[in-house]
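Numbering (UniProt numbering), first residue to last: 1 to 268.
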């Protein structure tokens, strides 16, 4: 094995070498006191990366979710009389193939009441609410059980076309059991509800009140609150009860202490 010292390496090109590892030279030479000479010729820098450097491409930043959707008023009439009432803010959460990115992307879209047209129909045990906004068609199907006088959202259809979609997005599910209420009463939920409809679509509702059956005088019936609203109401009740209990304990401790002190005075 030969030892070569004070060897000068010349380069015709200006290159930048970035490496945090020791890079052995191939061959049977051992180099010491290496001097790399770089001639200052006008060429473009061409960085070389060693094996310890991994080139990564950052993922595109997902779009910021929109604000809470505006609450819209949607009515269905039969013979000029309201048979279905809905007050609700609607948000579509969809995942679809992007034409520009070549992969699935998630998008959250608020339905805008001032740009939405309403239609539908009411039957004895079924009612339908159809909302259309430009390239979006959203249909609610409500069912009534005449035996129990209970209703629920049993089906939902969505058809939407966006500029970046590789193909129109459609979802239909008619085996749902959401928004359950009693005939003659409205169903209310101020909290956000996330209703999974399909693998790539969920419907988010805000400040919801709906009555698909038994509407009287074009007004909502008494409201039945959703479980989320009931839980939200339980928190201040529990806090109030805890504070009342604490006050009672302090008062009892004070009375017991005072009674013992009075008994001591009598003994003396």
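Just so you know, even glycine gets a beta-carbon here, dropped at the ideal spot from N, CA and C.
Residues of its chain near residue 238, where Cβ-Cβ distance is below 7 Å and the 5 sequence neighbours each way are ignored:
The residue given as residue 238 occupies position 238 in the chain shown. Because the pLDDT of residue 238 is 47, which lies under 50, any placement of that residue in the model is unreliable, and the number read from its coordinates should be weighed accordingly. Excluding its 5 nearest sequence neighbours in each direction, residue 238 has no C-beta neighbour in its own chain below 7 Å.
For residue 246, which of helix, strand or coil comes out of DSSP?
What you label residue 246 is simply residue 246 of the chain shown in a count that begins at 1. Of the three classes helix, strand and coil, the one that applies to residue 246 here is helix, per DSSP.
Locate the beta strand (DSSP E) running through residue 87, then write down its first and last residues.
Taking the chain shown and counting its residues from 1, the one referred to as residue 87 is at position 87. For residue 87, the uninterrupted beta strand (DSSP E) segment begins and ends at 81-97.
Per DSSP, cross-strand counterpart(s) of residue 104
By 1-based counting over the chain shown, the position of residue 104 is 104. Answer is 97.
In angstroms, rounded to a whole number, what distance separates the CA positions of residue 162 and residue 135?
Walking along the chain shown from the start, residue 162 turns up at place 162. Walking along the chain shown from the start, residue 135 turns up at place 135. Approximately 7 Å between the Cα atoms of the pair.
Here's a check: name, in chain order, each residue in its chain whose Cβ is nearer than 7 Å to the Cβ of residue 173, leaving out the five neighbours to either side.
Here residue 173 refers to the residue found at position 173 when the chain shown is read from its first residue. So the qualifying residues of the chain are 155, 156, 197 and 198.
Smallest Cα separation from residue 216: which of 84, 68 and 67?
Along the chain shown, one-based indexing puts residue 216 at 216. Of 84, 68 and 67, the smallest CA-CA separation from residue 216 is found for 84.
Note down, in chain order, each residue of its chain lying with its Cβ closer than 6 Å to the Cβ of residue 100, except the 5 sequence neighbours on either side.
As a first step, residue 100 must be located in the chain shown, where it is residue number 100. Closer than 6 Å at the Cβ level, and outside the excluded window around residue 100, lie 164.
Taking residue 90 as the reference, which of 104, 123, 98 and 68 has the closest Cα?
Here residue 90 is taken as the residue at index 90 of the chain shown, counted from 1. Cα-wise, what sits closest to residue 90 is 68.
Pair within 9 Å by beta-carbon distance, residue 183 and residue 153
Taking the first residue of the chain shown as 1, we reach residue 183 at position 183. Taking the first residue of the chain shown as 1, we reach residue 153 at position 153. No, the Cβ-Cβ distance between residue 183 and residue 153 is not below 9 Å.
Got a sec? Which residues, its chain only, sit under 8 Å from residue 71 by beta carbon, not counting five neighbours each side?
By 1-based counting over the chain shown, the position of residue 71 is 71. Beyond the five residues adjoining it in sequence on each side, residue 71 comes within less than 8 Å, by CB distance, of 87, 88, 89, 113, 206 and 207 in the same chain, given in chain order.
Cα-Cα separation, residue 148 to residue 122
One-based indexing of the chain shown puts residue 148 at position 148. One-based indexing of the chain shown puts residue 122 at position 122. Each residue's alpha carbon lies about 19 Å from the other.
Hey, out of 204, 124, 138 and 187, whose CA is closest to residue 195's CA?
Locating residue 195 in the chain shown gives position 195, counting from the first residue. Nearest Cα to residue 195 within the set 204, 124, 138 and 187: 204.
Pull up the distance between the alpha-carbon of residue 143 and that of residue 247, whole angstroms please.
To locate residue 143, count along the chain shown from 1; it is residue 143. To locate residue 247, count along the chain shown from 1; it is residue 247. Their backbone Cα atoms lie some 50 Å apart in a straight line.
What would DSSP say about residue 155, mapped onto helix, strand or coil?
Here residue 155 refers to the residue found at position 155 when the chain shown is read from its first residue. Note: residue 155 maps to strand in three-state DSSP.
Do residue 97 and residue 104 count as a contact pair if the criterion is CB distance below 9 Å?
The residue you call residue 104 lines up with position 104 of the chain shown. The residue you call residue 97 lines up with position 97 of the chain shown. For residue 104 and residue 97, yes; Cβs fall inside 9 Å.
May I ask you to report which of helix, strand or coil DSSP gives residue 144?
Along the chain shown, read from residue 1 onward, the residue named residue 144 stands at position 144. Three-state DSSP puts residue 144 in a strand.
Euclidean distance between Cα positions of residue 125 and residue 146:
The count along the chain shown starts at 1 and reaches residue 125 at position 125. The count along the chain shown starts at 1 and reaches residue 146 at position 146. Rounded to the nearest angstrom, the two C-alpha atoms are 7 Å apart.
Residue 120 versus residue 80 - alpha carbon distance
Here residue 120 refers to the residue found at position 120 when the chain shown is read from its first residue. Here residue 80 refers to the residue found at position 80 when the chain shown is read from its first residue. Straight-line Cα distance between these residues: approximately 13 Å.
Which of helix, strand or coil DSSP assigns to residue 227
Position 227 of the chain shown holds residue 227. Of the three classes helix, strand and coil, the one that applies to residue 227 here is helix, per DSSP.
With distance defined between alpha-carbon atoms, name the residue in 213, 201 and 188 nearest to residue 226.
In the chain shown, residue 226 corresponds to position 226, counting from 1. Nearest C-alpha to residue 226: 188.
Nearest-angstrom Cα separation, counted from residue 141 out to residue 128
For the purposes of this step, residue 128 is taken as residue 128 along the chain shown, with counting starting at 1. For the purposes of this step, residue 141 is taken as residue 141 along the chain shown, with counting starting at 1. Residue 128 and residue 141 have their C-alpha atoms some 5 Å from each other.
Extent of the continuous beta strand (DSSP E) to which residue 272 belongs
Because the chain here runs from 1 to 268, residue 272 falls outside it and cannot be looked at.
Between residue 66 and residue 110, how many whole angstroms is the CB-CB distance? I'm expecting something under 8 Å.
Reading the chain shown from its first residue, position 66 is the one you call residue 66. Reading the chain shown from its first residue, position 110 is the one you call residue 110. Yes, they are in contact, since the Cβ atoms of residue 66 and residue 110 sit about 5 Å apart, within 8 Å.
Buried versus exposed call for residue 168 [16 or more other C-beta atoms within 10 Å across all chains shown]:
One-based indexing of the chain shown puts residue 168 at position 168. When all chains shown are included, residue 168 counts as exposed.
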